[in-house]
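K.L.:
Before I ask anything, here is the structure I am working with.
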Amino acid sequence: MTNSMRYVSLKANIDGLPKESDFEFKDAPFPELKESQFIAENHFVSVDPGMRSRLSGVTGYAPCVKPGEAVSGFAIGRVLESCNAAYKKGDMVTMGGSWASHSVFGGAGFAFKLPEVDIPASLFLGVLGIPGMTSYFGLKRIGRFQKGDHILVTSAAGPVGATAGQLAKHWGAASVTGIAGSEEKCNWLTEKAGFDTAINYKTESDLAGAISRACPEGVDVLFDNVGNAMIDTVLPMMRFNGRIIVSGQTADYNVPLEERHGIKNTIEFIASRLLMQGLVVFDDIPNFVKAQNEMSILIQEGKLVYKEKIFEGLETLPSAFCGLFKGENFGRQLVKVGSF
Ligand SMILES: NC(=O)c1ccc[n+]([C@@H]2O[C@H](COP(=O)([O-])OP(=O)(O)OC[C@H]3O[C@@H](n4cnc5c(N)ncnc54)[C@H](OP(=O)(O)O)[C@@H]3O)[C@@H](O)[C@H]2O)c1
């Protein structure tokens, strides 16, 4: 057994769109494990748009990744060595890990053993992982979803957006509209994922007009994954007591703060008594298993569909990540790093 790991590290803090050359590959010996820690051999590692905000040297709700450090990603792997009684050698786990051949659990944070269910393990990084949990708790806790709501989802063909739209439909939304960046994505949303309408924001010259035609009664819940310009566009179409879920800001992550679109239509908050709230899905960890059980049944019954693209090999991590900001992913983007 090898006692070293290969990882992808950040060369320097990133400005603007990330490039493959912002990353480099390094090797290191396994660390000496302390009490409560374990090391797992990664099978799959995720690339996540939210990671971009941690690569600029600014600490937000999660600490920034410093140059020279391994980039973080969610991982699925098998425990190799453990000093933690809850995780034994051989256990399959999902955890907050690294873009690496191995992930080290530091003793606290996000990790759990994969349940023994007849569902592909990779789904615990997608529709049943952090993206799917973001959809579920975004709608329920932040969006205060109610049967009969009219829902609008941005970046709707991504794992968060696609799952949110389908859950809303399944729970009794009056209508679900998605916004996405290609005809192929829009067609999949309406033909396979059960969205009522999908708008291609890249070819639509009058986005506000297209949204108001798709949502003639207005929007009760905006599930926003992209950022301020989109929220500002939708604000005048929000219904009385509407809710805006600030899930992510993929369109803004690469733009310096001073150049970002501001939210100008703030009068709508007063006129329509709107609520806008941010989500950090880790606040909902105690309830993940309940949500996963509910969603696993929907998946097994074919009522919750998903797409994933799996790249092969650690060396593909930087390009898989950079592709997220060019709309290259269609569904969950994962990298298979191990030989298992
Ligand atoms: N708050 C939380 O706890 C939490 C947890 C997990 C994820 N999130 C957030 O949820 C959001 C969605 O995550 P995800 O994993 O499902 O990723 P995702 O939506 O698949 O993100 C990548 C997609 O974003 C779209 N995109 C890229 N650049 C864009 C731009 N400039 N303007 C508009 N759209 C753009 C592209 O789709 P198109 O082809 O449609 O443009 C691309 O395929 C992210 O912002 C993420 O940070 C939040």
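Note that the sequence shown covers residues 59 to 398 in the numbering used here. Each residue gets a CB set at the ideal place from its N, CA and C atoms; glycine is no exception.
Taking Phe281 as part of the alpha helix (DSSP H), name the residues at either end of that continuous run.
P.N.:
First-last for Phe281: 277-282, but that is the beta strand (DSSP E), not the alpha helix (DSSP H).
K.L.:
Where do the N-terminal and C-terminal ends of the beta strand (DSSP E) with Ala256 fall, by residue?
P.N.:
From DSSP, the beta strand (DSSP E) with Ala256 extends over 255-258.
K.L.:
Here's a check: name, in chain order, each residue in its chain whose Cβ is nearer than 7 Å to the Cβ of Gly320, leaving out the five neighbours to either side.
P.N.:
For Gly320, where only same-chain residues beyond five positions count, the Cβ hits under 7 Å are Asn286.
K.L.:
Given a threshold of 16 other Cβ atoms within 10 Å of its Cβ, counted over all protein chains shown, does Ala70 qualify as buried or as exposed?
P.N.:
When all chains shown are included, Ala70 counts as exposed.
K.L.:
If you run the structure through DSSP and keep just helix, strand and coil, what is Ser330?
P.N.:
It is coil, neither helix nor strand.
K.L.:
Do the region 361-373 and the region 211-224 meet, that is, are 3 or more Cβ pairs less than 8 Å apart?
P.N.:
Yes: at least three Cβ pairs fall under 8 Å.
K.L.:
Check whether the Cβ atoms of Met295 and Leu186 lie closer than 7 Å to each other.
P.N.:
Not in contact: Met295 and Leu186 (Cβ atoms no closer than 7 Å).
K.L.:
Any contact between the region 119-130 and the region 196-215? By contact I mean 3 or more CB pairs, one from each, below 8 Å.
P.N.:
No: the two stretches stay apart, fewer than three of their Cβ pairs being nearer than 8 Å.
K.L.:
Quick check: the Cα distance between Val304 and Met153, rounded to an integer number of angstroms?
P.N.:
Straight-line Cα distance between these residues: approximately 24 Å.
K.L.:
When you compare the CB positions of Ala268 and Gly236, do they come within less than 7 Å of one another, or not?
P.N.:
Not a contact, by the Cβ cut-off of 7 Å.
K.L.:
Among all the DSSP beta bridges, which residues are the ones paired with Thr212?
P.N.:
Per DSSP, Ile237.
K.L.:
If you count every other CB in all the chains shown that lies within 10 Å of the CB of Asp176, and 16 or more means buried, which is it?
P.N.:
Answer is exposed; the Cβ neighbour count stays below 16.
K.L.:
Would you report the Cα separation of Cys244 and Glu275, rounded to the nearest angstrom?
P.N.:
Approximately 21 Å between the Cα atoms of the pair.
K.L.:
For Phe96, list the residues DSSP reports as bridge partners.
P.N.:
Phe96 is bridged to Ser140, Phe163.
K.L.:
Please return the same chain residues whose Cβ sits closer than 6 Å to the Cβ of Gly74, not counting the five positions on each side in sequence.
P.N.:
The answer, listed in chain order, is Asn312.
K.L.:
Could you check if Thr308 belongs to the surroundings of ligand 1, using beta carbon to heavy atom distance under 6 Å?
P.N.:
Yes - ligand 1 has a heavy atom lying nearer than 6 Å to the Cβ of Thr308.
K.L.:
Report the three-state DSSP secondary structure of Val151 (helix, strand or coil).
P.N.:
DSSP places Val151 in strand when its eight states are reduced to three.
K.L.:
Taking one C-beta from the region 160-168 and one from the region 246-257 each time, how about it: are there three or more such pairs within less than 8 Å?
P.N.:
Segments in contact, no.
K.L.:
Output needed for Ser233: all residues of its chain with C-beta closer than 6 Å, excluding positions within five of it in sequence on either side, in chain order.
P.N.:
So the qualifying residues of the chain are His208, Asp254.
K.L.:
May I ask you to report which of helix, strand or coil DSSP gives Arg64?
P.N.:
DSSP places Arg64 in strand when its eight states are reduced to three.
K.L.:
If we count the other Cβ atoms within 10 Å of its Cβ and call it buried at 16 or more, is Ser156 buried or exposed?
P.N.:
Result: buried.
K.L.:
Determine the burial state of Pro376: buried for a count of at least 16 other Cβ atoms within 10 Å of its Cβ, exposed for fewer.
P.N.:
Per the 10 Å Cβ criterion, buried.
K.L.:
Determine the burial state of Glu370: buried for a count of at least 16 other Cβ atoms within 10 Å of its Cβ, exposed for fewer.
P.N.:
Flag for Glu370 reads exposed.
K.L.:
In whole angstroms, what separates the C-alpha of Gln204 from that of Gly167?
P.N.:
Answer to the nearest angstrom: the Cα atoms are 32 Å apart.
K.L.:
Is His101 helix, strand or coil by DSSP?
P.N.:
Here His101 sits in strand by DSSP.
K.L.:
Just to confirm, are Pro173 and Val218 a CB contact at a threshold of 7 Å?
P.N.:
The answer is no: Cβ separation not under 7 Å.
K.L.:
Cutting at 8 Å between CB atoms, please list the residues of its own chain near Val338, excluding the five before and the five after it.
P.N.:
Hits under 8 Å: Tyr119.
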